[in-house]
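In the working numbering, the protein residues as written are 83 to 220.
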């Protein structure tokens with residue numbers, strides 16, 4: 083059994099990707115309802131969650147939104163659900179549901195495939211500041 087809070091949504095992200103780390107920082111900024119906790123895919127807790135969910139990371143190395151006891155989403159759907167939780171104008175992202183999931187994921191995968199080339203890569207996973215440490219599982 084996983085030792086994680088059941089009342090939070092968990093975002094698993096690529097901890098060495100600059101684009102992903104910037105997205106985490108933005109999510110923390112807009113998470114006014116304090117819904118999310120974060121862990122890198124490469125971390126011990128990230129690996130534990132991935133194994134628990136039975137996800138093959140050879141086929142998926144992108145964002146995962148896990149709602150304990152409910153479900154998990156990946157790729158474009160995960161990103162859209164996260165953005166919609168911010169409220170306000172972010173609800174306009176619902177328009178992307180007009181496109182088939184396969185199309186949304188194709189666009190997502192194109193960006194994901196090029197993320198290191200376009201945005202760079204860190205040598206190690208992001209280390210949160212003291213102020214942000216409570217938002218991370220490990």
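Think of the CB as a built atom: it goes at the ideal place given N, C-alpha and C, for glycine as much as any other residue. Predicted model only: the values in this text are computed from it and were never measured.
8 Å CB neighbourhood of residue i in its chain, flanking five on each side removed
| i | result |
| --- | --- |
| residue 163 | 147, 155 |
| residue 86 | 92, 119, 127, 131, 150, 219 |
Cutoff 6 Å; reference residue i; Cβ partners in own chain excluding five residues on either side
| i | result |
| --- | --- |
| residue 144 | 157, 194 |
| residue 92 | 119, 148 |
Residue i, buried or exposed, once every other Cβ within 10 Å from all chains shown has been counted against 16
| i | result |
| --- | --- |
| residue 220 | exposed |
| residue 120 | buried |
| residue 223 | Here the chain covers residues 83 to 220 and nothing more, so residue 223 does not appear. |
Pair within 7 Å by beta-carbon distance, residue i and residue j
| i | j | result |
| --- | --- | --- |
| residue 101 | residue 197 | yes |
| residue 123 | residue 96 | yes |
| residue 203 | residue 98 | yes |
Segment limits, alpha helix (DSSP H) that includes residue i
| i | result |
| --- | --- |
| residue 160 | 157 to 166 |
| residue 112 | 100 to 112 |
Opening and closing residue of the beta strand (DSSP E) in which residue i lies
| i | result |
| --- | --- |
| residue 121 | 118 to 122 |
| residue 135 | Looking at the DSSP string, residue 135 is not in any beta strand (DSSP E); the run it does join, the alpha helix (DSSP H), is 126 to 135. |
| residue 213 | Segment: none, residue 213 is in no beta strand (DSSP E) and carries neither H nor E. |
Cβ-Cβ separation, residue j to residue i (assumed contact under 8 Å), whole Å
| i | j | result |
| --- | --- | --- |
| residue 118 | residue 90 | 7 Å |
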